[in-house]
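Residue numbers (our numbering), protein chains in the order written: chain A, 533 to 602; chain B, -19 to 139. Here's the structure we're looking at; comments come further down.
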Amino acid sequence: MPFELPEITPWPWIDAYKPGIDMTLVRENLKLTPTERLEKLQRLVRGIDALHEAGKAHREAKRPASDSKD
Amino acid sequence: MEEFRKIIQTVSRGGIEGILIGGVAGALRGAHRPTRDVDLLYQRDEENYDRIVQAISPLSPYLRGAPPNLPFKFDTRTIAAGGNFTLTTSAGDLDLLATIAGGDYDSLLPHAEVMKLFGEEIKVLDLETLIRVKRAAGRPKDFEAIAELERIAEEHGSA
């Protein structure tokens, strides 16, 4: 099956996001080795998961006892 | 818990013919965008199916989001009969992809380069092609990620 890769031409839906991209974060990443970039990504994902868990625990602690009977 | 190291070592040491694409490939190019799954575009080849099964089975792969206890058997027959698999494993989420918008392993191999990660060599899609396959997919949820990759390309070339 033939595949086709689109050319990179101006696309307003994508270009609209570009001014909001924080390139300082990208530049910091590019100072790292590829392995360090993935280790950083791993820490970021773990941090997000920890926040989700903390939020979930907080909501469950606040839930009235009657909610947990069923 | 996601363990990119474990998955990458498993793929590399298992001799799996595949190319890293998606968010992890973007992160390797400098993108600052959280992603939790490893996307691997694999070669459709009987020998590669064997390597995939041998290497990935110890990670207890299962269909992500599927009800428990389905009769899912991760073997060469399943891989040959299927194509794209979104899996959960003991080392985190792994998407095994036979084809994506814009190509398959064989057509995109010329656009991959070998990177050394965690001491292992693995193929990663180059920045320009990563942008082009994401554009080919045309998913609105990717637009911001594409914009970031294009800014990286504009500022740094192939990172």
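Glycine included, every Cβ here is placed at the ideal spot set by N, Cα and C. All values reported here derive from a predicted model rather than from experimental measurement.
The criterion of a C-beta distance shorter than 8 Å is satisfied by alanine 81 (chain B) and alanine 116 (chain B). The C-beta distance from glycine 83 (chain B) to leucine 537 (chain A) rounds to 7 Å, short enough to meet the 8 Å contact threshold. Within chain B, no residue has its CB atom less than 7 Å from the CB of proline 544 (chain A), the nearest being about 10 Å off.
Isoleucine 102 (chain B) has its alpha-carbon roughly 11 Å from the corresponding atom of proline 566 (chain A). Here DSSP, grouped into helix, strand and coil, assigns lysine 114 (chain B) to helix. The CB of lysine 588 (chain A) never comes closer than 8 Å to any CB in chain B; the least such distance is about 16 Å.
If you compare the alpha carbons of B:Tyr22, B:His12, B:Leu67, B:Arg112 with that of serine 37 (chain B), the shortest gap goes to B:Leu67.
If you compare the alpha carbons of B:Tyr85, B:Pro47, B:Asp55 with that of arginine 31 (chain B), the shortest gap goes to B:Asp55. Residues of chain B with a Cβ closer than 9 Å to the Cβ of lysine 550 (chain A) are, in chain order, Ala127, Glu128, Glu130, Arg131, Glu134. Inclusion of valine 577 (chain A) and proline 51 (chain B) in the CB contact set at 8 Å is not warranted, their separation being larger than that value. Around the C-beta of glutamate 128 (chain B), 16 or more other C-beta atoms lie within 10 Å, and the residue is accordingly described as buried.
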